[in-house]
Amino acid sequence: MAGPVAERASKFLHRIAGKRMGAISLSDELAPWGVGPAGTDETIDLEILSGGEREQVHLAVRLALAELLTKDAGQRQLVVLDDVLTATDDERLKRVLAILEEMRPHAQFLVLTCH
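Throughout, the working numbering is defined as the position within the sequence shown, counted from one, plus 1201.
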């Protein structure tokens, strides 16, 4: 399951953070551990990324899982996102909100944040 989640998460990350971010690497437990810069075969440990970029990688993985468990399953479900936007700048926040809006037909979101 890590392969399909990583692929979808990488697409979400591109939409949120831009094309310079490459593919997300996930463990078998679906925990992100690295991301490859676009155009290279390298993988960078998440700890090297800024706080906002790390936050966006984790959000992209959650969105990918939500999509698999709602849209693909054909069931509308509640998705709770707890403080996933604290280090996200205004431009990327707009992109995240656009994605959440697109996902509304198959997922209901409860976003808890101090942002």
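Backbone N, C-alpha and C define an ideal beta-carbon position, used for all residues, glycine too.
Does DSSP put residue i in a helix, a strand or coil?
i, result
"residue 1222", "strand"
"residue 1306", "coil"
"residue 1278", "strand"
"residue 1214", "helix"
"residue 1227", "strand"
"residue 1250", "coil"
"residue 1334", "For the chain, the structure presents residues 1202 to 1316; residue 1334 sits outside this window and is missing."
"residue 1295", "helix"
Could you confirm whether any beta carbon from chain D is found closer than 8 Å to the beta carbon of residue i?
i, result
"residue 1293", "Absent from the structure: chain D. Only one protein chain is present."
Cα-Cα, which of the options is closest to residue i?
i, options, result
"residue 1229", "1238, 1206 and 1237", "1206"
"residue 1272", "1219, 1234 and 1305", "1305"
"residue 1313", "1248, 1281, 1217 and 1213", "1281"
"residue 1274", "1243, 1217 and 1308", "1308"
"residue 1284", "1270, 1246, 1266 and 1257", "1257"
"residue 1215", "1300, 1279 and 1311", "1300"
"residue 1279", "1254, 1311, 1249 and 1266", "1311"
Could you give the distance in angstroms between the alpha-carbon of residue i and the alpha-carbon of residue j?
i, j, result
"residue 1286", "residue 1203", "24 Å"
"residue 1252", "residue 1291", "15 Å"
"residue 1303", "residue 1237", "26 Å"
"residue 1295", "residue 1241", "28 Å"
"residue 1277", "residue 1209", "19 Å"
"residue 1234", "residue 1268", "21 Å"
"residue 1297", "residue 1211", "14 Å"
"residue 1244", "residue 1232", "15 Å"
"residue 1317", "residue 1288", "Within the shown structure, residues of the chain are numbered from 1202 to 1316, placing residue 1317 beyond reach of any answer."
"residue 1249", "residue 1239", "16 Å"
"residue 1220", "residue 1270", "26 Å"
Just list the residues that DSSP pairs residue i with in beta bridges.
i, result
"residue 1283", "1313"
"residue 1245", "1236"
Three or more C-beta pairs closer than 8 Å, one from the stretch 1222 to 1242 and one from the stretch 1253 to 1266: is that the case here? yes
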